[in-house]
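As they're listed, the protein sequences go chains A and B.
For the first sequence, our numbering puts the final residue at 152, and the numbers step up evenly by one.
For the second sequence, our numbering puts the final residue at 152, and the numbers step up evenly by one.
2 protein chains.
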Amino acid sequence: MKKTVLLYGFILALVLIGLKTIEYKWLVRDLGQHLYVFLVAVLFMLLGIWFSYHLLTKKHAPQADTNEAAIKALGLSNRELEILNKLAEGLTNQQIAEVSFVSINTVKTHLKNAFMKLEVNNRTEAVNKLRQLNIIR
Amino acid sequence: MKKTVLLYGFILALVLIGLKTIEYKWLVRDLGQHLYVFLVAVLFMLLGIWFSYHLLTKKHAPQADTNEAAIKALGLSNRELEILNKLAEGLTNQQIAEVSFVSINTVKTHLKNAFMKLEVNNRTEAVNKLRQLNIIR
DNA sequence: GAAGGCCTCACCCAAACGGGTGAAATTGAC
DNA sequence: GTCAATTTCACCCGTTTGGGTGAGGCCTTC
Chain A
16 MKKTVLLYGF ILALVLIGLK TIEYKWLVRD LGQHLYVFLV AVLFMLLGIW
66 FSYHLLTKKH APQADTNEAA IKALGLSNRE LEILNKLAEG LTNQQIAEVS
116 FVSINTVKTH LKNAFMKLEV NNRTEAVNKL RQLNIIR
Chain B
16 MKKTVLLYGF ILALVLIGLK TIEYKWLVRD LGQHLYVFLV AVLFMLLGIW
66 FSYHLLTKKH APQADTNEAA IKALGLSNRE LEILNKLAEG LTNQQIAEVS
116 FVSINTVKTH LKNAFMKLEV NNRTEAVNKL RQLNIIR
């Protein structure tokens, strides 16, 4: 992030240098001050658009982090999270048991505990809550 | 998010001020015009940021349109969509029946047909598919 | 008016789910 | 070494869900 800010600052400096060059070598004398100001305005507006575009598009893709804070606040264990992730994919308890190499009873126990911690009553609510808390997807 | 954009805008402004200060110390000349151009630049850059922020945040949140094309391609009826939306909120069949003023059997029929059209086998899969198709949320 | 889609409802059945209790083995922390 | 948490599994119970068949009423299109 620090690198990003530095990059923008650097680009800004380049733009300023370019403007200075234009100002002193061509435009001011030949075309007048108004056009110069206009160019500055356009240039910086484009810069602003480009700038916030890059910022926003980067901010909109932080799905990798799996909100650790919320997980700890809820007290969800690792195994419970694994099971919940498979649940969110739409697997049945039996399928979860198979891919996790445990019995279906174990899956049910984990889900019972997880539902209690999440304060939900069924899997759809659970998925909604996890999504809302940015724990999945 | 807005706060973040403002923060970076502020940082950029600071960078600009710093650059300008440096410029004034070394290249002091027509002070009035420089200040004017500087203000124009800042103003239009902020304008650009504001502009694209509003554009992008609207583009990134198109949850209102409920992908009509996908709905038609799947052949989902209005009633089926209503029921599916309530399902996605985590309601049970019984609860959906109550808020929709129909019997639970009707809810089940709609869901059976909807599941067939969506090619899914349970509600979690259905919610995933609807989300993936941008039909809900 | 026949055909097809939509909405409604009923009945049945098997599977899945949710919730409760209990308990053993393992692990990590104190 | 003890305590707490985690992970594993079992059994039971009632409810929910998914899926199948059938059917009546309504509306639009042909």
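In this text, a Cβ means the ideal position worked out from N, Cα and C, and glycines have one as well.
This one's a predicted model, so the numbers in the text were calculated from it and none came from an experiment.
For residue j and residue i, the rounded distance between their alpha carbons
i         : j         : result
B:Ile-111 : B:Asn-136 : 19 Å
A:Arg-15  : A:Gln-109 : This structure cannot speak to residue 15 of chain A, because chain A is shown only from 16 to 152.
B:Asn-120 : A:Leu-133 : 30 Å
B:Thr-139 : A:Leu-106 : 8 Å
B:Arg-152 : B:Val-122 : 21 Å
A:Ala-141 : B:Ala-103 : 11 Å
A:Glu-95  : B:Asn-93  : 37 Å
B:Glu-113 : B:Ala-88  : 29 Å
A:Asn-143 : A:Met-60  : 40 Å
A:Leu-58  : B:Ile-150 : 39 Å
A:Thr-124 : A:Ser-118 : 10 Å
B:Lys-101 : A:Gly-90  : 29 Å
A:Ile-86  : A:Met-131 : 14 Å
B:Asn-82  : A:Phe-116 : 39 Å
A:Leu-126 : A:Leu-29  : 57 Å
A:Glu-97  : B:Glu-97  : 32 Å
Simplified DSSP assignment, three categories, for residue i
i         : result
B:Ile-37  : Note that B:Ile-37 has pLDDT 48, beneath the 50 cutoff, so the model's placement of it is unreliable and the number below is only indicative. If DSSP states are grouped into helix, strand and coil, B:Ile-37 belongs with the helices.
B:Ile-119 : helix
A:Leu-148 : coil
A:Thr-107 : coil
B:Glu-134 : coil
B:Leu-91  : coil
B:Asn-100 : helix
B:Asn-128 : helix
A:Asn-143 : helix
A:Leu-29  : helix
Beta carbon of residue i nearer than 8 Å to that of residue j
i         : j         : result
A:Ala-129 : A:Leu-148 : no
B:Ala-56  : A:Val-55  : yes
8 Å Cβ cut-off: residues of chain B touching residue i
i         : result
A:Asn-137 : Gly-105 and Thr-107
A:Leu-96  : In chain order: nothing, as chain B lies at least about 16 Å away.
Chain-ordered neighbours of residue i on chain A, where CB pairs are closer than 8 Å
i         : result
B:Glu-140 : Gly-105
B:Asn-149 : Residues of chain A passing the Cβ test: none, with the nearest at roughly 14 Å.
B:Asn-128 : Simply none; closest approach about 19 Å.
Residue i: contacting residues in chain B (beta-carbon distance under 9 Å)
i         : result
A:Leu-102 : Thr-139
A:Asn-82  : Here the premise fails: no neighbours, minimum Cβ distance about 17 Å.
Residues that residue i contacts on chain A, provided the C-beta gap is smaller than 9 Å
i         : result
B:Asn-120 : Neighbours of B:Asn-120 on chain A: none; closest Cβ ~20 Å, over 9 Å.
Under 7 Å by beta carbon: chain B residues contacting residue i
i        : result
A:Asn-93 : Per Cβ cutoff of 7 Å: no residues; A:Asn-93 is ~21 Å from chain B at best.
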